[in-house]
Amino acid sequence: MSAHIAILASPENLPLSAEAQSALGVRAGSRIAVTIEQGRVVLQPLEEDDLEQLAGSLASSISMSDELQQDRRQEKW
């Protein structure tokens, strides 16, 4: 399963204790890979090297705006 990258705007936005956040080394501006594995949400702090490895892994053949427009067209009011 592919990872989604989240940027932590504020440590308060991550529902983990301060101790857990410190152990993971996350702070405001940290990038976190979010994946679902066997029904579990997995959060993995990313370093700059990790980001380079992931470059292009989230690429899609359709742009996000086109995908959003398609979703909106399919929604039923």
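Just so you know, this note's numbering puts 60 at position 40 of the sequence shown, and the rest follows in order with no gaps.
Even for Gly, the Cβ is constructed at its ideal location relative to N, Cα and C.
When we look at the beta-carbon of residue i and count the other beta-carbons within 10 Å, is it buried (16 or more) or exposed?
{"i": "valine 62", "result": "exposed"}
{"i": "leucine 36", "result": "exposed"}
{"i": "leucine 88", "result": "exposed"}
Rank the options by C-alpha distance to the C-alpha of residue i and give the top, closest one.
{"i": "alanine 23", "options": "Leu66, Gln89, Gln94 and Val54", "result": "Val54"}
{"i": "leucine 66", "options": "Gln90, Ala38, Leu34 and Gly45", "result": "Gly45"}
{"i": "serine 50", "options": "Ser30, Asp86, Ser85 and Gln90", "result": "Ser30"}
{"i": "isoleucine 52", "options": "Gly59, Ala40, Asp86 and Ala26", "result": "Ala26"}
{"i": "alanine 48", "options": "Gly59, Glu95 and Ala38", "result": "Ala38"}
How far does the beta strand (DSSP E) with residue i in it extend, from its first residue to its last?
{"i": "glutamine 64", "result": "60 to 66"}
What is the residue span of the alpha helix (DSSP H) that residue i lies within?
{"i": "glutamate 39", "result": "38 to 44"}
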